[in-house]
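Quick notes on the structure that follows.
There are 2 protein chains.
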Amino acid sequence: MSHKVKPRTLAGTLELLPNDQILFNEMVDKIRKAYESFGFLPLDTPILELSEILLAKAGGETEKQIYRFEKGDNDLSLRFDLTVPFAKYVSIYQNELVFPFKRYQIGKVYRGERPQKCRFREFYQCDVDVIADKLDIINDAEMVNIIYTAFQSLNLAKFTICINNRKILNGLFEALQIADKKVEIMRIIDKIDKIGEKAMREELEKLEVTQNNIDKICEFILISGSTSEKIEKLKSMQIANETFVSGLTELEKIAKYVTEFGIPEENFKIDLKIARGLDYYTGTVYETFFDEYRNLGSVCSGGRYDNLTEYYTDRKFQGVGISIGLTRLFAQLKEMNLLQASNHSIAKVLVVPMDENCSNFALKTAKQLRDSGINTDLYSNFQKDMKAKLKYADKQNIPYVCIIGENEIQENVVTLKNMQQKTQEKQTVEELIKILK
Amino acid sequence: MSHKVKPRTLAGTLELLPNDQILFNEMVDKIRKAYESFGFLPLDTPILELSEILLAKAGGETEKQIYRFEKGDNDLSLRFDLTVPFAKYVSIYQNELVFPFKRYQIGKVYRGERPQKCRFREFYQCDVDVIADKLDIINDAEMVNIIYTAFQSLNLAKFTICINNRKILNGLFEALQIADKKVEIMRIIDKIDKIGEKAMREELEKLEVTQNNIDKICEFILISGSTSEKIEKLKSMQIANETFVSGLTELEKIAKYVTEFGIPEENFKIDLKIARGLDYYTGTVYETFFDEYRNLGSVCSGGRYDNLTEYYTDRKFQGVGISIGLTRLFAQLKEMNLLQASNHSIAKVLVVPMDENCSNFALKTAKQLRDSGINTDLYSNFQKDMKAKLKYADKQNIPYVCIIGENEIQENVVTLKNMQQKTQEKQTVEELIKILK
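And the structure:
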């Protein structure tokens, strides 16, 4: 065979070397553990769905970016998020599920973007959502708690969970009688951190918002102080609009619950600028930032929606959920050298028979270790010299090497090498198990 | 909004209700744990690859079944197995990887089959492979050990790992001077369990194999006895063919190692009928059967290959690996009612505040439980009555419910309900944590 295909991986997909993969999987495991600590149930839906299902709510970027194709009689697409399949799932199984239905899902999603640095065509999302016919606002606070728990356990950087409430924004715009322009205004507000107050004011002027209203908007979104001070200031604005008051009441309750959950002040903030692009959010919205790396953008976002399943069923469900875009986050952290090099290994010990004659004792030792719950790699290339064998352990961060030669077999011991301390000592297998446990 | 899309899931994909999903995930976790106990490293490659890469070795069923489509300038496909992406990965990163490279991968693969019962278009494979420039036969024995460990921990049914060696078959055909027909002969041999010896003989006659050679083939593939008896009988056939002798030596070594690994006789068998369809296997081949459900076919298969990366690189790698088709296995077990209904839950306890006024104490209790490592669900719908709340716990197999009302708050205790024993008792939070731990 002489014709070769140049081996390569599609741009915009993530493929890692083993040590990075271990690190990535550890992050997945921590997120999963955090989500499960709140009793959320696992879900795994197909990546491949009927296009009609995924595009029930069609239009915009989604239709342009989706991977869609025909096979046989089927018009198929790759899912572009985990939210639409969740809505489908709840609609199908509504009579079998117990509500409130709390689920988490960690899986790959697909978007046919032009690949750029830290923009992916295939990437992991880690979602939690809770859904029910009627959902108390305490669930919105629980989401803050979940984000807090997940990022505490990931231990990546100092972070702040920022929340806002769409009703407050909508109510304000109604009160100022500029509700007809609210989508455009929200889009402009959302950019204030990037473009600054001045440029934001100019854009609002172009939209023909009156100077008076622009002042009110700025006064509003720039309200400062502690969480309780912000709530007091919002109350004192005395905006006589039902939607505004309802949103403010929700925000106040969430703030109370968040305190009761024991989440530190420094990790939680009301940020009235946050609008979130997605138009299905109807109440609370979340964004999460690393305090020292705000340029990364939000690392965990979400919100409350009133009728996610509307394209599939008449039954109305309220829901609230958040999502971590893990592939992007991992790539960004790696790019910025913020990932601590993993010193974790899969194997705790490498068993090395000196030659083929030592295999019997080595195999038995490996079995005893594994039976004791110790992950044990067995070095199997008898031709290689000891240097190569130790290098193998070293490159994989395996902390111990257990050498078995003729002498060891005669004495019924093993030579245990501590790779970090560069020490070695003879041990019985029983002692070995105790040390490695 | 009035137009609804009927919510449904693509035929040939698996979507489970939460209790089954928990069971499925437990199986994945057990397999992962078994693979990691041998020190195998995790790998995650993209599902979406360039068609040129996946179809480097084109032809046959693969090309017909692959999901292939264009997007922008790219000709893309969904991977149809984990072996081809593994070969690509090793070819790309050969200078960064440490050899022997031992990796496991658990992920979804895609085949555009007509969906039938227990045939899937999207399904999980759970693969382990070890690859190196030169790979000692001890690795072939380790694969038996891995299969044994995985299926012991899955604890589904009595199983037998059957192995054979392609070289023995090839050598025999060379010695009988029928090597030109070996592909067809192997295909016929492979069917003996389905069609019986008589029909197999007839098919061989049609292929114009001489009666004498048919007798030899039958004598050979029907050799019986213990593993060591089979090896003795094969030796006593005195087939003067290098390939045959080499294969027999390998088989003998594997049998020796398998004993040294402590794998019970009843779980391991030499089965000379096994040929395996895939033509890249060059030595050991594996199939695994449930003793009482042989009709399920092999639940874990694999083999040794000499040059998996030949389409991508000139460097030659030897490898050996096995694969569990988990989605199919799960569906079959479910179909046959062989899956024990999971009594596992994600949450260990459900915290139930009697009404909104009890939320403060409930939230603090939930936090203390979670901080102690106890998965804790919080019931948040204050409107529902106690019956609905208990039903929620019951349906999800949550073993304990922790009720918090005015009385409990005054006494600074909680009422702990044991859902299985239908008993309840007041406990302090400290006692509660001790009981749930």
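The listed protein sequences derive, respectively, from chains V and R.
For the record, in the first sequence the residue sitting at position 379 is 965 according to my numbering, with numbers rising by one throughout.
For the record, in the second sequence the residue sitting at position 240 is 826 according to my numbering, with numbers rising by one throughout.
Just so it is clear, CB atoms sit at the ideal spot from N, CA and C, and this is done for glycine as well.
Here the structure is a predicted model, which is why all the values come from computation and not from measurement.
Helix, strand or coil at residue i [DSSP, three-state]
| i | result |
| --- | --- |
| V:E878 | coil |
| R:D857 | coil |
| V:V695 | strand |
| V:P701 | coil |
| V:Q757 | Reading off the sequence, residue 757 of chain V comes out as Gly, not Gln. The answer is helix: DSSP assigns V:G757 an H, G or I state. |
| R:P939 | strand |
| V:S887 | strand |
| V:Q954 | helix |
| V:F672 | helix |
| V:E896 | coil |
| R:N964 | The sequence given here has Leu at residue 964 of chain R, not Asn. It is a strand residue. |
| V:F806 | helix |
| R:E1017 | helix |
| R:Y978 | helix |
| V:E851 | helix |
| R:E947 | The sequence shown places Phe at residue 947 of chain R, rather than the Glu named in the question. Of the three classes helix, strand and coil, the one that applies to R:F947 here is helix, per DSSP. |
| R:E770 | helix |
| R:E708 | strand |
| V:E994 | helix |
| R:D779 | helix |
| V:D801 | helix |
Residue from the options with nearest C-alpha to residue i
| i | options | result |
| --- | --- | --- |
| R:D719 | V:G625, V:S966, V:L793, V:V591 | V:S966 |
| V:L1022 | V:C988, V:I995, V:E994 | V:C988 |
| V:K674 | V:D726, V:V906, V:I639 | V:I639 |
| V:K802 | V:G693, V:Y843, V:E760 | V:E760 |
| V:Y978 | V:P604, V:T595, V:H589 | V:P604 |
| R:A861 | R:G888, R:I840, R:S958, R:V844 | R:G888 |
| R:D776 | R:R705, R:L820, R:V871 | R:V871 |
| R:S814 | R:A841, R:N799, R:L808 | R:A841 |
| R:V999 | R:D667, R:I990, R:K855, R:L793 | R:I990 |
| V:F903 | V:L634, V:C748, V:L609, V:P686 | V:P686 |
| R:E997 | R:Q797, R:F916, R:V1015, R:G698 | R:V1015 |
Proximity of residue i and residue j at Cβ, strictly below 9 Å
| i | j | result |
| --- | --- | --- |
| V:E539 | R:T631 | Chain V is shown only over 587 to 1023; residue 539 of chain V falls outside these bounds and no answer can be derived. |
| R:T895 | R:S677 | yes |
| R:S663 | R:L636 | yes |
| R:T829 | R:G757 | yes |
| R:K981 | V:V684 | yes |
| R:D906 | R:V716 | A small fix is needed here, since residue 906 of chain R is Val in this sequence, not Asp. Yes, the Cβ-Cβ distance between R:V906 and R:V716 is below 9 Å. |
| V:T874 | V:T746 | yes |
| V:L925 | V:V937 | no |
| V:F847 | R:A952 | yes |
| R:D722 | V:E942 | yes |
| V:S623 | R:G959 | yes |
| R:K694 | R:Q711 | yes |
| R:V795 | R:I764 | yes |
| R:R787 | R:Y690 | no |
| V:Y898 | V:A642 | yes |
| R:L964 | V:I754 | no |
| R:D696 | V:L668 | Checking the displayed sequence, the identity of residue 696 of chain R turns out to be Tyr instead of Asp. Contact flag unset, no. |
Which residues DSSP lists as bridging residue i, in chain order
| i | result |
| --- | --- |
| V:L1002 | V:C988, V:E1011 |
| R:Y690 | R:P628, R:V714 |
| R:G959 | None, per the DSSP bridge assignment. |
| R:E789 | Partner(s): none; R:E789 has no beta bridge. |
| V:M660 | Checking the sequence shown, residue 660 of chain V turns out to be Asn, not Met. Partner(s): V:K657. |
| R:Y867 | R:Y891 |
| R:V906 | R:V716, R:R890 |
| V:Y872 | V:I749, V:G888 |
Where the alpha helix (DSSP H) through residue i begins and ends
| i | result |
| --- | --- |
| V:L634 | V:L634 -> not in any alpha helix (DSSP H); beta strand (DSSP E) instead, spanning 634 to 636. |
| R:P604 | 604 to 623 |
| V:F916 | 912 to 921 |
| R:S832 | 828 to 846 |
| V:T813 | 813 to 822 |
Delimiting residues of the beta strand (DSSP E) encompassing residue i
| i | result |
| --- | --- |
| R:R654 | 654 to 657 |
| R:Q651 | It is not in any beta strand (DSSP E) - R:Q651 instead sits in the alpha helix (DSSP H) that spans 646 to 651. |
| R:N731 | Element bounds for R:N731: not the beta strand (DSSP E) but the alpha helix (DSSP H), 724 to 740. |
| R:C748 | 745 to 751 |
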